[in-house]
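Student:
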Amino acid sequence: MKYCTKCGKELLDEAVICPGCGCSCETQVAPAEEDKKSFGWAFLGFLVPVAGLILYLIWKDKTPLKAKSCGKGALVSVILGVIFSIAFSALSTFFFMSAGDEILEDAYEYEMYDDMYL
Ligand SMILES: [Zn+2]
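Dropping the structure here:
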């Protein structure tokens, strides 16, 4: 149940115009929740992607811009996470391979040494 903001008369929930005073009451149903892009929420989504995703799902209908901030933060975080893990595994593969080459070179040098002095 809602009440007219002008005359205080009880209104039906679906009422658009107050039967008491005739004013439009649709715009004053409930104070609209503030909805804007928020770096803070994006940052939270970035730090805790799971929380960002949950908040996105909760807010996407009521406050889509705020929800998008969370969702974007979470998305960026996930994408960066994937990129970093790929880069990290590529780097470790690279280091492993070059370390492997060094071991082979050492083995080769030992062999040469054996040939020359023994
Ligand atoms: Zn009224």
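Under this note's numbering, think of the first position of the sequence shown as -17, with each following residue one higher.
For glycine and all other residues, C-beta sits at the position ideal for the given N, C-alpha and C.
Give me, in chain order, the residues of the same chain whose beta-carbon lies closer than 6 Å to that of Q10; leave out the 5 immediate sequence neighbours on both sides.
Tutor: Model confidence at Q10 stands at a pLDDT of 48, short of 50, so the residue's coordinates are unreliable; what they give is reported in the following sentence. Counting only Cβ-Cβ distances below 6 Å, and skipping sequence neighbours, we find T(-13).
Student: Would you kindly report the start and end of the unbroken alpha helix (DSSP H) that includes P31?
Tutor: It spans P31 to W41 - the alpha helix (DSSP H) in which P31 sits, taken as one unbroken run.
Student: Do the region 41 to 58 and the region 67 to 84 meet, that is, are 3 or more Cβ pairs less than 8 Å apart?
Tutor: In short, these stretches do not touch, since the Cβ pair count stays below three.
Student: Exposed or buried, which one is T75 when buried takes at least 16 other CB atoms within 10 Å?
Tutor: Burial call: exposed.
Student: Within the structure, which residues are defined as neighbours of ligand 1 by a Cβ-heavy atom distance below 6 Å, reported in chain order?
Tutor: Cβ-based neighbours of ligand 1 within the cut-off: C(-14), K(-12), C(-11), K(-9), C0, G2, C3 and C5.
Student: Find the nearest neighbour of E16 within the set P46, A56, G53 and L37, judged by alpha-carbon distance.
Tutor: Among P46, A56, G53 and L37, the Cα nearest to that of E16 belongs to P46.
Student: Between S6, C52 and E(-8), which lies nearest to V(-2) when the distance is taken from Cα to Cα?
Tutor: Closest by alpha carbon: S6.
Student: Identify every residue that forms a DSSP beta bridge with S6.
Tutor: Its beta-bridge partners are I(-1).
Student: Can you tell me whether G55 is buried or exposed, with buried defined as 16 or more other CB within 10 angstroms of its CB?
Tutor: By the neighbour-count rule (16 or more Cβ atoms within 10 Å), G55 is buried.
Student: Under the assumption that K48 contacts K18 (Cβ atoms under 8 Å), give the Cβ distance between them as a whole number of angstroms.
Tutor: So it is a contact: roughly 7 Å between Cβ atoms.
Student: May I ask you to report which of helix, strand or coil DSSP gives L(-7)?
Tutor: Looking at L(-7) - three-state DSSP - the assignment turns out to be strand.
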